[in-house]
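The structure appears right after this line, and notes come after that.
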Amino acid sequence: MVTPESELTEDERGGLELVRETGGIHQSEFWKELDVSSRKGSRIVESLADKGLIQREETVYEGHNTYHLTPAPRDLDFSLLMAGDMLSPFIGDEEVDPHSDAFSQWVMNLAYEE
Numbered sequence: 006m007v008t009p010e011s012e013l014t015e016d017e018r019g020g021l022e023l024v025r026e027t028g029g030i031h032q033s034e035f036w037k038e039l040d041v042s043s044r045k046g047s048r049i050v051e052s053l054a055d056k057g058l059i060q061r062e063e064t065v066y067e068g069h070n071t072y073h074l075t076p077a078p079r080d081l082d083f084s085l086l087m088a089g090d091m092l093s094p095f096i097g098d099e100e101v102d103p104h105s106d107a108f109s110q111w112v113m114n115l116a117y118e119e
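Going by our numbering, the first residue of the sequence shown is number 6, and it counts up by one from there.
This is the structure we're talking about:
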C-alpha cells in the first residue's frame with residue numbers, strides 16, 4: 006500500500022527525499038544525515054517501509070548489521086514517451102536534432118493521435 010506523499014510528516018518527507026537523492030543509503034548513515042537519533046531514524050524508516058515508499062534489506066556495513074534503504078519502484082507511465090507506435094527520439098545515447106525528420110514525424114504522430 007503506497008501512501009500519498011502529502012500525508013507524510015515533515016521528518017518522513019525529509020527521509021524519503023534523502024533515500025531518493027542518494028539512490029540508496031545504509032540506515033546507520035540515514036539517521037546521521039537527517040540529524041536525528043538512531044531511534045527516531047528507525048521509526049522514520051519503519052514508517053516509510055510500511056507505507057511502501059522505500060525498501061529495506063538486511064546487510065552488514067562497516068562490520069555492523071544494518072539495513073540498506075532504497076527507493077521503492079514507482080509506477081511509471083511510459084506512454085508519455087510514445088507517439089502512436091513510435092518511441093520518442095530523445096530516448097538513447099546520441100544527440101537528437103530537433104529539426105530532424107525523425108523528430109518531426111514523432112511530433113506529427115503526437116498531434117494526430119486520437
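Just so you know, even glycine gets a beta-carbon here, dropped at the ideal spot from N, CA and C.
Inter-stretch contact (C-beta, 8 Å, three-pair minimum) for the stretch 66-80 and the stretch 26-36: yes
DSSP three-state call for L13: helix, strand or coil? coil
Residue burial classification, F95 (beta-carbon count within 10 angstroms, cutoff 16): exposed
Specify, as a first and last residue, the run of the beta strand (DSSP E) that E62 falls within. I59 to Y66
Which value, in whole angstroms, describes the spacing of the CA atoms of T64 and S47? 15 Å
Look at the alpha carbon of A116 and the alpha carbon of E99, and state the distance between them as a whole number of angstroms. 25 Å
Residues near S93 in its chain [Cβ-Cβ closer than 8 Å; skip 5 each side]: L86, M87 and W111
Is the beta carbon of E17 less than 7 Å from the beta carbon of L53? yes
Taking just the CA atoms, how far does R79 sit from E10? 12 Å
Beta-ladder partner(s) of T71, from DSSP: T64
Whole-angstrom distance between G57 and S42, CA atom to CA atom: 23 Å
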